[in-house]
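Numbering (the numbering used here), first residue to last: 18 to 455.
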Amino acid sequence: MSTKNLIIYSLILFSCPVFSQKTLNPEEAFSMALEYNYGIKITNNSLEIAENNTSILNSGYLPTLTGNAGATFNLDNTEAQFSNGQSTVLNGAESSRYNASVNLNYVVFDGMGRQYNFKRLKEEYYLSQLEARETIENVIIQLFTIYYELAKTYENSLALEQTLTISKDRLLRAEYQFEYGQNTKLGVLNAQVDINNDSINLININQQLKNTKRDLNVVIGNQIKENFNVKTDLKFLLDLDKDELLTKTKANNVALLQAERNISIGEIDIKSRKSQYLPSIGLIGSYGWNKNNNNAASFATTTLNTGLSGGINFAWDLFDGGSTITQVKNSKIILDNQKLQKEQLIINIERDFYNAWEDYQNKLVIFNVQEDNIITSQNNFERTQEKFKLGQATSIEFRQAQLNLRNAELSRNQAKYDAKLAELYVLQISGDLLNVEF
18 MSTKNLIIYS
28 LILFSCPVFS
38 QKTLNPEEAF
48 SMALEYNYGI
58 KITNNSLEIA
68 ENNTSILNSG
78 YLPTLTGNAG
88 ATFNLDNTEA
98 QFSNGQSTVL
108 NGAESSRYNA
118 SVNLNYVVFD
128 GMGRQYNFKR
138 LKEEYYLSQL
148 EARETIENVI
158 IQLFTIYYEL
168 AKTYENSLAL
178 EQTLTISKDR
188 LLRAEYQFEY
198 GQNTKLGVLN
208 AQVDINNDSI
218 NLININQQLK
228 NTKRDLNVVI
238 GNQIKENFNV
248 KTDLKFLLDL
258 DKDELLTKTK
268 ANNVALLQAE
278 RNISIGEIDI
288 KSRKSQYLPS
298 IGLIGSYGWN
308 KNNNNAASFA
318 TTTLNTGLSG
328 GINFAWDLFD
338 GGSTITQVKN
348 SKIILDNQKL
358 QKEQLIINIE
368 RDFYNAWEDY
378 QNKLVIFNVQ
388 EDNIITSQNN
398 FERTQEKFKL
408 GQATSIEFRQ
418 AQLNLRNAEL
428 SRNQAKYDAK
438 LAELYVLQIS
448 GDLLNVEF
């Protein structure tokens, strides 16, 4: 491919997607992820299951009611001897029996076991809510990691396009100078090599743009069918207060809240195990209907019984071989471990917070330095460009100034989005990620 064709191809590749592009702002991306992300959908379904488990229908407090029915048919050969000396022989005598009943079973007291089980289900539901929140936070971090990567790539592509435009002007100037004997062929060849490299860089970054857009579309459930772009202007939450965020971290960090719920569940488990020491009391009741159609050898040809019955049962497992004692001891040890894990978690989270906060502050400083570096590089390039036009600077010096400007822009873009992601990570640790406006 010739240099001219390579330039044309790269510019077409860059410019075609620009027409009729939808701009996806952070608020829209956030809303789409909450609604359409598959990981969040699955988590919401799991949360619904946990909520269903907390219903009174799953508590064990309600009685059970069962119905039974049956029918039996007999065909017998019978020889009957009566007390008056008479006898009867029946061949193929038919008889049938029918029965139906409704049985009620209700546990009045089970040693408080079902009460603790119901409390445990409530705690598991609250834990599921925290797990859902954790999933949402991770998806949001994933979303904006890709979103800002796309924004950075787009801005980098603009910088590379500017570099290519400058290289085109340089090539055109070198060709004119060569035609009028003011330059050698080497200057033209060097300009062609540089423009080829710049074109290749632009082609590669445009492919990266397409790939990153696909990645972002996956996170939001593939909801954008047409080509789109993202916003590149950022606003930093520069009024964040370190001490306030640390207080929020200790109160709202999702991992800490999960640890607290697990401790509550552990305490309930101990009480539930101890409930096995107590007896259980239950009520039973039934209503039955029975009908017998007897053969001729019976005194009664038909009998019909209907009636109610009820009762109370009492059971007490006086000694189960030590199983309950062992379970109670183990539950206490598990609870101790959960408390130790929470203490360790507090230490780790405080460390992570301080690391994240300082990383955020450093990245803001780096971003500001890179902003200043852009001004310096721009001034240096403009001066070198003027000298190059006057023949006071070589093509190598001009190219170096050009690359310095490009690299400064790329570094500024990297620092810009690194700082924003560092800010989001601080908010995630503090439990405040879902409370900010994107």
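No residue lacks a Cβ here, since even glycine has one placed at the ideal position from N, Cα and C. This structure is a prediction, so every number in the text was calculated from the model and none was measured.
Taking all protein chains shown into account, do 16 or more other C-beta atoms lie within 10 angstroms of the C-beta of residue i, making it buried, or fewer, making it exposed?
i, result
"Val205", "buried"
"Arg231", "exposed"
"Phe36", "Residue placement at Phe36 is poorly supported in this model, since its pLDDT is 48, which falls under 50; the coordinates are not used for a value here."
"Ile212", "buried"
"Asn390", "buried"
"Asp215", "buried"
"Ser72", "exposed"
"Ala176", "buried"
"Ser104", "exposed"
"Ser447", "buried"
"Trp333", "exposed"
"Phe31", "Residue placement at Phe31 is poorly supported in this model, since its pLDDT is 46, which falls under 50; the coordinates still yield a value, given next. Buried is the call here."
"Thr393", "exposed"
"Phe137", "Rather than Phe, the amino acid found at residue 137 in this sequence is Arg. Label assigned to Arg137: buried."
"Gln445", "buried"
"Ser326", "exposed"
"Ile66", "exposed"
"Ser289", "buried"
"Asn430", "buried"
"Ile183", "buried"
Name the two residues that bound the continuous beta strand (DSSP E) containing residue i.
i, result
"Leu107", "104 to 126"
"Phe253", "From DSSP, Phe253 is part of no beta strand (DSSP E); its letter is neither H nor E."
"Leu41", "39 to 41"
"Ser303", "297 to 310"
"Leu321", "319 to 332"
Would you check whether the ligand MN has a heavy atom nearer than 6 Å to the C-beta of residue i?
i, result
"Leu263", "Absent from the structure shown: the ligand MN. Ligands present: none."
So residue i is in the alpha helix (DSSP H); what residue range does that whole segment cover?
i, result
"Phe195", "130 to 196"
"Asn223", "202 to 236"
"Leu263", "259 to 269"
"Lys58", "55 to 70"
"Asn438", "Before going further, note that residue 438 is Leu rather than Asn in the sequence given. It spans 412 to 446 - the alpha helix (DSSP H) in which Leu438 sits, taken as one unbroken run."
Taking the alpha carbon of residue i as the reference point, which residue from the options has its own alpha carbon closest?
i, options, result
"Glu303", "Asp337, Asn365, Thr83", "Strictly speaking, residue 303 in this sequence is Ser, with Glu absent from that position. That would be Thr83, whose Cα lies nearest to the Cα of Ser303."
"Gln293", "Asp260, Gln275, Thr264, Thr343", "Thr343"
"Gln355", "Thr411, Leu274, Glu440, Phe331", "Leu274"
"Ser112", "Tyr434, Asp449, Asn312, Asp376", "Asn312"
"Tyr171", "Asn218, Gln209, Leu407", "Asn218"
"Asn385", "Asn101, Lys433, Glu375, Thr341", "Lys433"
"Thr318", "Arg114, Lys227, Gly77, Leu64", "Arg114"
"Leu251", "Asn54, Glu166, Asn61, Glu140", "Glu166"
"Phe331", "Lys349, Pro296, Leu362", "Pro296"
Cutting at 6 Å between CB atoms, please list the residues of its own chain near residue i, excluding the five before and the five after it.
i, result
"Thr323", "Trp306"
"Leu352", "Gly283"
"Tyr377", "Ala439, Glu440, Val443"
"Lys380", "Asp435, Ala436, Ala439"
"Asp93", "Ala110"
"Lys359", "Ala276"
"Phe398", "Ala418, Leu422"
"Gln194", "Asn200"
Short of 7 Å in beta carbon distance, which residues of its chain neighbour residue i, apart from the five on each side in sequence? Order them along the chain.
i, result
"Asn207", "Ser412"
"Ile222", "Thr170, Asn173, Ser174, Leu177"
"Thr180", "Asp215, Gln419, Arg423"
Could you pull out every residue in the same chain whose Cβ sits closer than 8 Å to the Cβ of residue i, ignoring the five residues on either side in sequence?
i, result
"Leu451", "Arg150, Ile153, Glu154, Ile157"
"Glu44", "Glu454, Phe455"
"Asp449", "Leu262, Lys265, Asn269"
Worksheet item: Whole alpha helix (DSSP H) runs in the region 341 to 382 with 4 or more residues, listed along the chain?
Response: Entirely contained in the region 341 to 382, not one alpha helix (DSSP H) run reaches 4 residues.
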